[in-house]
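Enquirer:
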Ligand code: IPD
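Residue numbers (full-length UniProt numbering): 43 to 340.
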């Protein structure tokens, strides 16, 4: 195709830096009440302002591309094969509200529904993850702070040149999240999965070493891409939570599969995902063990 992916990538980075400054200078207590599900499902004025900024910058630079953003999403909107920006202005809104420095701007770009460019920026740590399909994934720290002559310290992902093979789940540290749906079938499923992953093996559990819930889907995917977590499971993600992180994960040798057994090539609107880090062997076996333990979730 004649898309200039490098230019799109560079544009996303400059928009991410601009959005990052906006997040750092905003008042997290400016909460918009009334629009969302419950008290764990919050949107702030900053989420909306950042999305407006991102969408205006991107529609000016790329007027013909589609745009899907968390705060302007309406039921029924779908990702099509067209070049599409898929944006979460603040992934980790609750962390933002509580000043817990694990929140990011997640800027994805999909073509033919395939995550093709990903930029995930944590402004609190000036840490930027980025990838272009086919060109590797990177993390750059300190570019805005001015480290290394203003370029920041850049490293290729995964951070280890020789990531160890993946063994069984009992050797793994995973991420998973409680998300914001807190009742009904989805909540039951989530609770069950946490329990099954952590329970001892003689009770049918996987006995993973631990589960981390840091509060941002995109940053979880980046941590898996970096090789700092072995995997990440969530039921209830949206395309804007995963698109950018998925592009980064795939370029770092990781894989995304569905939460349902047998879904090796999940769609971008799958909602349930299991992400696994890059490894010389064991990825498939780990996925199969995971599906065995959690059972069929269809
Ligand atoms: C949420 C975060 C959270 C995850 C939810 C997401 P938001 O995104 O990524 O970790 O559990 O599923 O919706 O609402 O902070 O943009």
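Note that CB positions come from ideal geometry on N, CA and C, so glycine has one too. Bear in mind the structure is a predicted one, so any value in this text is a computation, not a measurement.
Compute every distance between the C-beta of residue 136 and the non-hydrogen atoms of the ligand IPD, then say whether any falls below 7 Å.
Expert: The answer is yes for residue 136.
Enquirer: Tell me whether residue 167 sits in a helix, a strand or coil according to DSSP, three-state version.
Expert: Of the three classes helix, strand and coil, the one that applies to residue 167 here is coil, per DSSP.
Enquirer: Between the C-alpha atoms of residue 212 and residue 198, what's the straight-line distance to the nearest angstrom?
Expert: Spanning the two alpha carbons is a distance of roughly 28 Å.
Enquirer: Tell me the DSSP secondary structure of residue 142 in three-state form.
Expert: Note: residue 142 maps to coil in three-state DSSP.
Enquirer: Can you tell me which of 273, 255, 284 puts its alpha carbon nearest to the alpha carbon of residue 319?
Expert: Ranking the options by Cα distance to residue 319, first place goes to 273.
Enquirer: State the Cα-Cα distance for the pair residue 171 and residue 291, rounded to the nearest angstrom.
Expert: Each residue's alpha carbon lies about 10 Å from the other.
Enquirer: Over the uninterrupted beta strand (DSSP E) stretch that includes residue 350, give me the two end residues.
Expert: Nothing can be reported for residue 350, as the shown portion of the chain is limited to 43 through 340.
Enquirer: Does the beta-carbon of residue 112, which I'm using as the reference point, lie nearer than 7 Å to any heavy atom of the ligand IPD?
Expert: Within the cutoff, so yes.
Enquirer: For the beta strand (DSSP E) containing residue 110, name the first residue and the last one.
Expert: It spans 108-111 - the beta strand (DSSP E) in which residue 110 sits, taken as one unbroken run.
Enquirer: Can we count residue 276 as close to the ligand IPD, meaning its CB is less than 7 Å from some heavy atom?
Expert: Because some heavy atom of the ligand IPD lies under 7 Å away, the Cβ of residue 276 counts as near it: yes.
Enquirer: Cα separation between residue 159 and residue 289?
Expert: The straight-line gap from Cα to Cα measures roughly 6 Å.
Enquirer: Return the first residue and the last residue of the beta strand (DSSP E) that residue 273 is part of.
Expert: That run of the beta strand (DSSP E) goes 273-277.
Enquirer: Measuring CB to CB, does residue 61 end up less than 8 Å from residue 131?
Expert: Contact flag set, yes.
Enquirer: Closest by CA to residue 90, which one among 250, 65, 237, 103?
Expert: Ranking 250, 65, 237, 103 by Cα distance to residue 90 puts 65 first.
Enquirer: What I want to know is whether the C-beta of residue 244 ends up closer than 7 Å to one or more non-hydrogen atoms of the ligand IPD.
Expert: Residue 244: no, Cβ never under 7 Å from the ligand IPD.
Enquirer: Nearest by alpha-carbon distance to residue 92: which of 104, 103, 250, 113 is it?
Expert: Selected option, being the one with the closest Cα: 113.
Enquirer: Where does residue 48 fall in DSSP's three states?
Expert: Here residue 48 sits in helix by DSSP.
Enquirer: What's the call for residue 325, buried or exposed, on a 16-neighbour Cβ count within 10 Å?
Expert: Its Cβ being crowded by 16 or more others within 10 Å, residue 325 is buried.
Enquirer: Taking residue 82 as the reference, give the member of 283, 257, 195 with the closest Cα.
Expert: Minimum Cα distance to residue 82 is reached at 257.
Enquirer: Mind checking which residues open and close the beta strand (DSSP E) that includes residue 218?
Expert: Unbroken beta strand (DSSP E) run through residue 218: 215-218.
Enquirer: Could you tell me the distance, in whole angstroms, from the CA atom of residue 298 to the CA atom of residue 315?
Expert: So the alpha carbons of these two residues sit roughly 7 Å apart.
Enquirer: Going by beta-carbon coordinates alone, are residue 47 and residue 96 separated by less than 8 Å?
Expert: No, the Cβ-Cβ distance between residue 47 and residue 96 is not below 8 Å.
Enquirer: Which two residues bound the contiguous beta strand (DSSP E) that contains residue 299?
Expert: Taken as a continuous stretch (DSSP letters only), the beta strand (DSSP E) holding residue 299 covers 297-300.
Enquirer: From residue 167 to residue 259, what distance separates their C-alpha atoms?
Expert: So the alpha carbons of these two residues sit roughly 17 Å apart.
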